[in-house]
Amino acid sequence: MKQGWQNFQIAPLLDITLLQGLAVLCLAAIVLFTLFRLRGTVWRGVVMVLVLLALLAPQFTDRESEKLSDIILVLVDRSGSQRIANRTEQTDAAITDLKERFADDPSVELRFEDVAGEADTRMFAVLDRLLGGIPRERLGGVMMITDGQVHDVPTRLDLGAPLHVLISGARDERDRRLVIRQSADYGIVGKKADFMIEAVDHDLPPGTIIPVRMLLEDGTEEQILLPANEQSRVSIPVPHAGSVLAELRMDDTPEETDKTNNRLILETTGVRDRLRVLLLSGEPHPGERAWRNLLRADPGVDLVHFTILRPPEKGDDTPINELALIPFPIRDLFEVRLRQFDLIIFDRYQMRGVLPPHYLEKVVDYVRWGGAALVVAGPEYIGPDGLASTALDKLMPAEVTGRIVEQPFVPRVNAAGRLHPVTAAMAGSPSTPPKWGRWYRQIETRVSDPDAMTLLTGVDEMPLLTLQRVEEGRVAMLSSDQMWLWQRGHDGGGPVAELLRRLSHWLMKEPALDENTVTTTRSADGQSLVLNWRKIGAAPEAASVINPETGDQINARFEQLPDQSWQANVPIAERGLIRVSVRDQNRRQQTALHVDRDVLTPETQNTNSTPELLDALVSANGGYIGRIEDGLPEFRHIPTERGWHGNNWAGFIETDSYKTVIGGITNLLPLPIIALLIGAICLLGWRVESK
């Protein structure tokens with residue numbers, strides 16, 4: 001119990017402003033009494049003073065201060081890299097030693113916090129959260145027990161208390177690894193994307209050649225040579241738009257602490273410089289402008305458009321130099337520049353002697369080797385000069401019967417169209433189809449090839465829009481020339497822009513629009529791959545995976561799920577870039593890639609224990625940093641003004657934090673006593689003045 005003037009206080013019974021005014025009045029009265037030499041001035045002054053003191057209510061409070069414990073935050077790294085070698089045992093031994101040191105010291109409160117992390121170690125984010133929950137004046141210090149691989153080290157930290165770090169692991173650890181020093185976010189399709197890669201192995205002299213295998217998307221494997229501890233340029237091909245993947249793998253060494261970072265996933269996004277489209281139109285018609293406007297409105301499309309206005313047999317007397325038309329550049333388009341185009345569109349095109357038939361055979365070869373062709377069929381298609389009698393007709397996904405149907409109909413998305421990315425977004429539901437405008441003419445076709453996919457139907461469910469993959473290329477056929485009615489808004493119109501955009505980009509192999517795409521995910525236990533296949537056409541049969549480590553083939557069968565998709569589970573625990581092959585009941589195969597992007601996380605990029613990442617921050621906060629394998633420091637509880645660490649000891653601050661307990665209150669001028677005293681003085685003064 002402490003008593004003194006520091007415990008003295010007043011508790012005014014009136015507002016202090018009123019008391020100040022009352023004191024001024026009393027002082028003025030005493031001055032007047034003194035000037036006029038009135039009798040009893042002393043007694044009156046004493047009464048006034050006593051009244052003022054009683055109204056101030058002076059008192060003593062009984063207080064007791066209790067020393068609060070000093071809080072020491074202990075952050076324990078429990079991330080994946082801490083499970084390497086004997087780091088966990090070292091960490092637990094350090095915790096035990098710290099607990100034993102302060103077990104009998106009630107002035108110290110140890111607060112332990114485990115910091116987990118499989119992908120990275122974020123110890124300072126946890127520290128910020130813990131500091132927000134304690135009074136900073138009670139912080140005696142922070143201890144971190146970690147391997148030093150911390151991924152959120154701030155540039156500056158001001159704790160106002162020591163930051164000590166104990167490093168687990170061994171000083172002579174070896175961990176060779178592959179590191180991306182500069183990535184390529186995008187790559188032009190048909191060219192290569194460049195990455196800057198470093199093969200790190202500090203046990204090798206710089207420049208020592210390390211063989212590295214590179215696995216590409218197409219299943220091929222290349223061997224490249226990288227100089228140790230030096231940056232090198234590594235290029236991967238960009239064969240298509242969308243995500244493009246490759247994997248680098250470096251041979252393991254027996255004494256490595258961690259072998260997962262000997263492989264590296266390279267990923268870039270393939271983009272086309274410009275999509276080149278060749279549009280060949282027959283005689284001018286209303287739909288021609290629709291195609292031209294839609295394609296020219298796409299900033300990613302470079303359009304070359306020719307309309308055959310003047311066939312060779314048409315003669316007139318106009319001099320050649322006065323003609324506004326140019327000759328059709330047949331050789332330039334179909335021999336020199338044909339493979340530069342991503343898509344060729346024949347819009348109600350007729351031969352009419354302009355394009356020799358053997359050039360259409362070049363178009364067929366162009367498609368089979370990876371190009372794309374779209375035919376918009378009007379009445380001209382089955383006419384004497386129509387494309388139906390050329391080599392191009394054999395390439396089409398639907399065969400014409402020779403009949404033209406002229407009656408109103410509304411295009412409808414069929415069951416396959418509801419699954420296909422080209423039309424799925426605009427299909428609606430089977431019970432409530434979208435309200436589209438009517439068309440009035442359709443070329444009757446039939447589909448005989450099981451690989452062809454009909455997405456839109458017209459009169460009597462006849463194929464209206466049919467797609468097909470042909471070897472490395474793609475083709476599509478629209479069996480009507482009336483799509484332009486939608487663009488004009490006739491009968492309510494329809495999604496012409498969206499349909500043509502999706503159709504043209506599917507033909508140009510946009511990955512996001514691929515049908516029958518096989519998606520892969522890693523199972524929860526990480527021991528298998530789960531394949532999902534939304535299949536159009538023949539049902540899936542089997543899936544196979546080549547183990548990238550052993551070369552063994554692993555097979556699994558598909559089972560249909562309630563949502564009509566198909567699923568297969570392939571038992572393979574190896575991680576990285578894995579090529580999946582699937583087959584349907586028609587023996588047609590398709591490939592997909594699975595990539596474990598978590599093969600290399602910040603937690604596994606570098607697993608060598610090191611004090612370097614935390615050294616500067618520890619020094620700035622007056623702390624101790626050392627390896628556990630060299631022996632634990634002596635832990636001390638020290639005053640604030642002393643140094644916080646030495647060569648073999650780490651100190652925690654004795655803070656000046658107290659808790660004050662207020663007991664009773666002693667009034668110096670109790671009101672009853674003051675009242676009796678004033679009464680006595682008044683009686684005494686009356687008696688003296690009455691004589």
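Residue numbers (the numbering used here): 1 to 691. For every residue, glycine included, the Cβ atom is placed at its ideal position computed from N, Cα and C.
Endpoints, the beta strand (DSSP E) within which residue i is located
{"i": "K191", "result": "Segment: none, K191 is in no beta strand (DSSP E) and carries neither H nor E."}
{"i": "M48", "result": "Careful: M48 lies outside any beta strand (DSSP E), inside the alpha helix (DSSP H) at T41 to L56."}
{"i": "D77", "result": "D70 to S79"}
{"i": "L465", "result": "P463 to V470"}
{"i": "H637", "result": "E634 to P639"}
{"i": "W566", "result": "W566 to V570"}
{"i": "D105", "result": "Counting along the chain, D105 falls outside any beta strand (DSSP E), and DSSP gives it neither H nor E."}
{"i": "E654", "result": "W649 to E654"}
{"i": "T457", "result": "M453 to T457"}
{"i": "R579", "result": "L577 to D584"}
{"i": "G473", "result": "G473 to L478"}
Cβ-based burial, residue i [other Cβ within 10 Å; buried from 16]
{"i": "A398", "result": "buried"}
{"i": "A476", "result": "buried"}
{"i": "I703", "result": "Outside the modelled stretch of the chain, which goes from 1 to 691, sits residue 703, for which no answer is possible."}
{"i": "K509", "result": "buried"}
{"i": "S609", "result": "buried"}
{"i": "R272", "result": "buried"}
{"i": "R39", "result": "exposed"}
{"i": "Q605", "result": "buried"}
{"i": "A573", "result": "exposed"}
{"i": "H594", "result": "buried"}
{"i": "G679", "result": "exposed"}
{"i": "S81", "result": "buried"}
{"i": "V336", "result": "exposed"}
{"i": "A373", "result": "buried"}
{"i": "V277", "result": "buried"}
{"i": "K290", "result": "It is Ala, not Lys, that sits at residue 290 in the sequence shown. Buried, because 16 or more other Cβ atoms sit within 10 Å of the Cβ of A290."}
{"i": "D332", "result": "exposed"}
{"i": "P356", "result": "exposed"}
{"i": "G282", "result": "buried"}
{"i": "N262", "result": "buried"}
{"i": "I625", "result": "buried"}
{"i": "D656", "result": "exposed"}
Nearest-angstrom Cβ-Cβ length linking residue i and residue j, presumed shorter than 8 Å
{"i": "V76", "j": "F112", "result": "6 Å"}
{"i": "N532", "j": "A542", "result": "At roughly 15 Å, the Cβ-Cβ gap does not stay under 8 Å, so N532 and A542 are not in contact."}
{"i": "T257", "j": "I84", "result": "5 Å"}
{"i": "R177", "j": "T253", "result": "Going by Cβ atoms, the distance from R177 to T253 rounds to 11 Å, so no, they are not a contact pair."}
{"i": "A54", "j": "I10", "result": "With a Cβ gap of about 11 Å, A54 and I10 do not count as contacting."}
{"i": "I145", "j": "L110", "result": "Going by Cβ atoms, the distance from I145 to L110 rounds to 12 Å, so no, they are not a contact pair."}
{"i": "V376", "j": "F409", "result": "Not really, about 17 Å apart at Cβ, beyond 8 Å."}
First and last residue of the uninterrupted alpha helix (DSSP H) at residue i
{"i": "F124", "result": "M123 to L131"}
{"i": "L22", "result": "I16 to L35"}
{"i": "I95", "result": "R87 to R101"}
{"i": "E612", "result": "E612 to A620"}
Cutoff 8 Å: residue i Cβ touching any chain C Cβ
{"i": "K362", "result": "Absent from the structure is chain C; it holds one protein chain and no more."}
C-alpha gap between residue i and residue j, whole angstroms
{"i": "L264", "j": "R249", "result": "7 Å"}
{"i": "L121", "j": "G148", "result": "Looking at the sequence shown, residue 121 is not Leu but Thr. Cα to Cα, T121 sits roughly 10 Å from G148."}
{"i": "E361", "j": "G492", "result": "40 Å"}
{"i": "Q20", "j": "L671", "result": "20 Å"}
{"i": "Q553", "j": "A616", "result": "51 Å"}
{"i": "Q585", "j": "G537", "result": "10 Å"}
{"i": "A170", "j": "A93", "result": "15 Å"}
{"i": "A302", "j": "S504", "result": "Sequence check: residue 302 is Asp here, not Ala. Going from the Cα of D302 to the Cα of S504 covers about 13 Å."}
{"i": "W644", "j": "R575", "result": "47 Å"}
{"i": "D342", "j": "W369", "result": "12 Å"}
{"i": "L499", "j": "L577", "result": "34 Å"}
{"i": "C26", "j": "G45", "result": "8 Å"}
{"i": "G494", "j": "G242", "result": "29 Å"}
{"i": "L18", "j": "L677", "result": "23 Å"}
{"i": "L613", "j": "V153", "result": "7 Å"}
{"i": "L600", "j": "V212", "result": "16 Å"}
request  = Inspect the CB distances between the stretch 179-194 and the stretch 204-211 and report whether three or more fall short of 8 Å.
outcome  = no
inquiry  = Taking 8 Å as the cut-off, does the stretch 378-395 touch the stretch 419-434 (at least 3 CB pairs, one atom from each stretch)?
reply    = no
ask   = Just checking, does the stretch 189-201 make contact with the stretch 232-244 on the three C-beta pairs under 8 Å criterion?
value = yes
message = Would the stretch 44-63 count as touching the stretch 118-138 if we require 3 or more Cβ pairs under 8 Å?
response = no
key: the stretch 219-232 in contact with the stretch 132-148 per 3-pair CB rule at 8 Å   = no
query = Taking contact to mean at least 3 C-beta pairs separated by less than 8 Å, is the stretch 510-521 in contact with the stretch 555-564?
reply = no
task = Check whether the stretch 437-450 touches the stretch 331-351, counting contact only when three or more Cβ pairs, one atom from each stretch, lie closer than 8 Å.
result = no
task = Specify whether the stretch 397-413 and the stretch 444-453 touch according to this definition: at least 3 beta carbon pairs, one from each stretch, less than 8 Å apart.
result = yes
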